[in-house]
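Enquirer: The working numbering applies: residue 41 is where the sequence shown begins, and numbers increase by one. Virtual Cβ for every residue (Gly too), placed ideally from N, Cα, C. Here the structure is a predicted model, which is why all the values come from computation and not from measurement.
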Amino acid sequence: MSDPTVLISEADVQRRVGELAAEISRDYDGMGEITLIAVLKGAFIFLADLSRRLAVPRRIEFMALSSYEDGSTHSGAVRLVMDLRESIEGRHVLVVEDIVDTGRTLHYLIELLRTREPASVRTCALVRKKDRHEVEVAIDYLGFDIPDVWVVGYGLDYDEQHRALPYIGVVEPEGA
Ligand code: IMP
């Protein structure tokens, strides 16, 4: 596989994460503590940077879902791999996602969380592949719209590779 080419530079990612954090801090100001729920594994770096820049009280929880069995092969179904450790009843929840592709994962997650009676549920995604969307899902805070390419870096992988890159890059999946 060739090296990733830069799609969104480190500086642009950092600037946008700062803007999202400022927007979220403004919107939640005075509402008490928010619960950030990050979707593993891909959102871990985005969550780390975003949460450090928020000016509102927050707690951090993790969930893991899987819709891709290996590499970039789409299996269709969404699976809950790791659940929350605590109740979110009555809490203001902000789901932090790395990428929204078809929208299936985020849709599944929101529906699941709503059954647990939080005070509110909003969504924050770093990138979205706009043309790929199959399921209607509202993203309240969006970093970037990107074309239909396979992206890596800033937490995102291709077959567990490239997660630690500071920028968002594009790779050509093998066999494509
Ligand atoms: P969705 O359910 O189709 O929206 O897919 C969301 C999940 O697919 C993400 O959480 C990622 O794990 C994975 N995914 C989709 N596109 C990419 C990509 O370009 N790079 C890395 N992971 C991706």
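In three-state terms, what does DSSP make of serine 65?
Expert: helix
Enquirer: Between which two residues does the beta strand (DSSP E) containing aspartate 138 stretch?
Expert: 132 to 140
Enquirer: Express the C-alpha separation of alanine 117 and leucine 60 in angstroms, rounding to a whole number.
Expert: Rounded to the nearest whole angstrom, the C-alpha separation of leucine 60 and alanine 117 is 30 Å.
Enquirer: I need the boundaries of the alpha helix (DSSP H) containing serine 91, first residue and last residue.
Expert: 84 to 93
Enquirer: Kindly indicate which three-state DSSP category aspartate 52 falls into: helix, strand or coil?
Expert: helix
Enquirer: Check whether the Cβ of serine 107 lies closer than 7 Å to any heavy atom of the ligand IMP, and answer yes or no.
Expert: yes
Enquirer: Given the structure, does isoleucine 77 come close to the ligand IMP, in the sense that its CB is under 7 Å from one of the ligand's heavy atoms?
Expert: no
Enquirer: Would you kindly work out how many angstroms separate the C-alpha atoms of arginine 154 and isoleucine 100, rounded to a whole number?
Expert: Computed Cα separation, rounded: 18 Å.
Enquirer: Using three-state DSSP, classify lysine 81 as helix, strand or coil.
Expert: coil
Enquirer: To which residues of the same chain is glycine 58 closer than 8 Å at the C-beta, ignoring the five residues directly before and after it?
Expert: Arg93
Enquirer: Ignore the nearest five residues each way along the sequence and tell me which others in aspartate 171's own chain have a CB closer than 8 Å to its CB.
Expert: The beta carbon of aspartate 171 is closer than 8 Å to those of Pro187 and Asp188 in its chain, skipping five residues each way along the sequence.
Enquirer: Kindly list the residues whose CB is nearer than 8 Å to the CB of methionine 122, restricted to its own chain and excluding five residues on each side of it in sequence; keep chain order.
Expert: Leu80, Phe102, Met103 and Ala104
Enquirer: Would you list the one or two residues that DSSP bridges to threonine 217?
Expert: Summary: the structure shown does not reach residue 217, with the chain confined to residues 41 through 216, and so no result is reported for it.
Enquirer: Within the same chain, show all residues whose beta-carbon is closer than 7 Å to that of glutamate 73, passing over the 5 residues directly before and after it, in chain order.
Expert: Pro97, Arg98 and Arg99
Enquirer: I'd like to know whether the C-beta atoms of proline 44 and valine 167 end up nearer to each other than 8 Å.
Expert: no
Enquirer: Using DSSP with H/G/I as helix, E/B as strand and the rest coil, what is glutamate 101?
Expert: It is a strand residue.
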